[in-house]
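One point on numbering: in numbering that gives the first Met the number 0, the residue at position 101 of the sequence shown is 100, and numbering is uninterrupted.
Here's the structure, in structure tokens; my notes come after.
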Amino acid sequence: MRRKLVVGNWKMNGSLQDNEALLVAVADGIGAAAAAGKPACDVAVCAPFPYLAQVRDFQARRAAAALFDIGAQDVSQHENGAFTGDVSAAMLRDFGVRYAIVGHSERRQHQAESDVNVALKVKRALAAGITPIVCVGESLREREAGMTEFIVKRQLSAVIHLNGPCVSEIAVAYEPVWAIGTGQTAMPQQAQAVHAALRAQLGAAIDRADRVRILYGGSMNAANAAELLAQPDIDGGLIGGAALKAPDFLKIIAAAACPKAA
Ligand code: 13P
Numbered sequence: 000m001r002r003k004l005v006v007g008n009w010k011m012n013g014s015l016q017d018n019e020a021l022l023v024a025v026a027d028g029i030g031a032a033a034a035a036g037k038p039a040c041d042v043a044v045c046a047p048f049p050y051l052a053q054v055r056d057f058q059a060r061r062a063a064a065a066l067f068d069i070g071a072q073d074v075s076q077h078e079n080g081a082f083t084g085d086v087s088a089a090m091l092r093d094f095g096v097r098y099a100i101v102g103h104s105e106r107r108q109h110q111a112e113s114d115v116n117v118a119l120k121v122k123r124a125l126a127a128g129i130t131p132i133v134c135v136g137e138s139l140r141e142r143e144a145g146m147t148e149f150i151v152k153r154q155l156s157a158v159i160h161l162n163g164p165c166v167s168e169i170a171v172a173y174e175p176v177w178a179i180g181t182g183q184t185a186m187p188q189q190a191q192a193v194h195a196a197l198r199a200q201l202g203a204a205i206d207r208a209d210r211v212r213i214l215y216g217g218s219m220n221a222a223n224a225a226e227l228l229a230q231p232d233i234d235g236g237l238i239g240g241a242a243l244k245a246p247d248f249l250k251i252i253a254a255a256a257c258p259k260a261a
């Protein structure tokens with residue numbers, strides 16, 4: 000059985016002051032649940048690059064904060080050198096980063112990241128011992144054209160092609176673009192169908208596809224998380240807006256720790 004993973008993607012939000020309050024509230028909530036003997040799941044927060052040190056220092060100060068991992072929102076496809084503005088996987092490791100989101104649709108759209116860029120970033124992350132969370136997802140136009148599976152499989156196949164059996168070490172996030180930040184969530188069965196297709200694709204390519212966690216992202220919130228997380232191939236969530244509100248994020252974590260039957 001795969002342990003569920005809930006990841007907060009803060010995107011380009013936060014400040015030293017706001018982050019501190021959010022980290023305290025999340026750490027307190029996770030710590031209280033653990034002290035009460037409640038079931039747990041894996042949790043990570045993906046902060047903007049300048050705040051990774053803040054999250055790491057917070058972890059060092061607060062024992063309970065060790066109950067979540069540190070994530071980044073991107074990683075360079077290059078190892079080091081003259082790549083102004085890029086941040087390497089080795090640098091992320093220096094700050095205790097365990098996960099890196101790769102190929103988020105906002106980067107594919109605004110930074111013109113291609114499937115090949117994403118595959119190269121995955122390679123760099125894996126080489127540094129960081130788990131890449133590879134985002135795939137179709138636009139509304141693509142869904143309406145019946146192209147959902149074709150699109151997500153194309154995005155994932157570039158990663159499989161370049162990384163081979165190491166792909167058993169990644170996590171995948173299915174994030175339908177039309178569901179991100181819109182309040183429009185995929186129906187649990189709709190998401191499950193795509194997750195199952197991705198798992199089948201991984202199964203055809205590598206031996207240990209059953210260990211790869213496939214997260215759902217796109218307007219997951221405190222109200223809809225339990226039903227999504229009850230699906231057999233939904234192994235967690237990649238959470239945007241709701242990860243900035245500690246009570247909502249904690250409710251999603253609790254739903255992941257205790258998945259109810261749909
Ligand atoms: P929202 O949860 O705000 O829809 O964002 C999802 C997302 O893009 C997480 O990476």
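Just so it is clear, CB atoms sit at the ideal spot from N, CA and C, and this is done for glycine as well.
Euclidean distance between Cα positions of residue i and residue j
i	j	result
Ala256	Glu78	36 Å
Ala126	Glu168	11 Å
Pro47	Gly7	11 Å
Gln108	Glu137	12 Å
Met186	Val74	31 Å
Ala39	Val54	21 Å
Asn12	Leu155	28 Å
Lys122	Ala88	10 Å
Leu51	Ala254	27 Å
Asn162	Ile179	27 Å
Gln16	Gly145	45 Å
Ala33	Asp247	18 Å
Gly182	Ala225	16 Å
Asp93	Thr130	15 Å
Ser104	Val117	11 Å
Glu112	Arg61	37 Å
Leu227	Leu249	16 Å
Ala260	Ala229	Unreliable placement is indicated for Ala260, whose pLDDT of 44 sits below 50; the coordinate value is still reported in the next sentence. If you take the alpha carbons of Ala260 and Ala229, they lie about 6 Å apart.
Val135	Arg153	9 Å
Val96	Ala71	7 Å
Leu139	Ile150	12 Å
Glu143	Leu91	38 Å
Glu19	Arg207	38 Å
Gly28	Thr184	26 Å
Ala37	Pro258	A small correction: the amino acid at residue 37 is Lys; Ala does not occupy that position in the sequence shown. Looking at the two C-alpha atoms, the distance is approximately 13 Å.
Tyr98	Ala35	28 Å
Residue i vs residue j beta-carbon contact at 8 Å
i	j	result
Gly102	Leu66	no
Ile132	Ile100	yes
Glu333	Gly216	This structure leaves residue 333 out entirely; the chain is present only between 0 and 261.
Val166	Leu201	yes
Ala195	Ile159	no
Val176	Ile213	no
Gln191	Pro231	yes
Ile252	Met219	no
Leu21	Gln76	no
Val25	Ala245	yes
Asp114	Ala157	yes
Arg1	Arg210	yes
Asn147	Val86	It is Thr, not Asn, that sits at residue 147 in the sequence shown. Not a contact, by the Cβ cut-off of 8 Å.
Residues bridged to residue i [DSSP beta-bridge criterion]
i	result
Tyr98	Gly70 and Thr130
Gly236	Val5 and Tyr215
Val135	Tyr173
Any chain D beta carbon closer than 8 Å to residue i
i	result
Leu15	The chain inventory of the structure shown lacks chain D, comprising one protein chain alone.
Pick out the complete alpha helix (DSSP H) segments inside the region 148-226, 4 residues or longer, and give them in chain order. Those alpha helix (DSSP H) runs which fall completely within the region 148-226 and span 4+ residues are 187-204.
Just to confirm the assignment: which complete alpha helix (DSSP H) runs, minimum length 4, are found wholly within the region 13-72? Complete alpha helix (DSSP H) runs here, min 4: 15-34 and 51-60.
Taking three-plus beta-carbon pairs below 8 Å as touching, is the region 81-89 in contact with the region 33-45? The region 81-89, when compared against the region 33-45, does not touch it at the 8 Å Cβ threshold.
Mind the definition here: the region 232-251 touches the region 5-25 only if three or more C-beta pairs lie below 8 Å; say whether that holds. With contact defined as three or more Cβ pairs closer than 8 Å, the region 232-251 and the region 5-25 are in contact.
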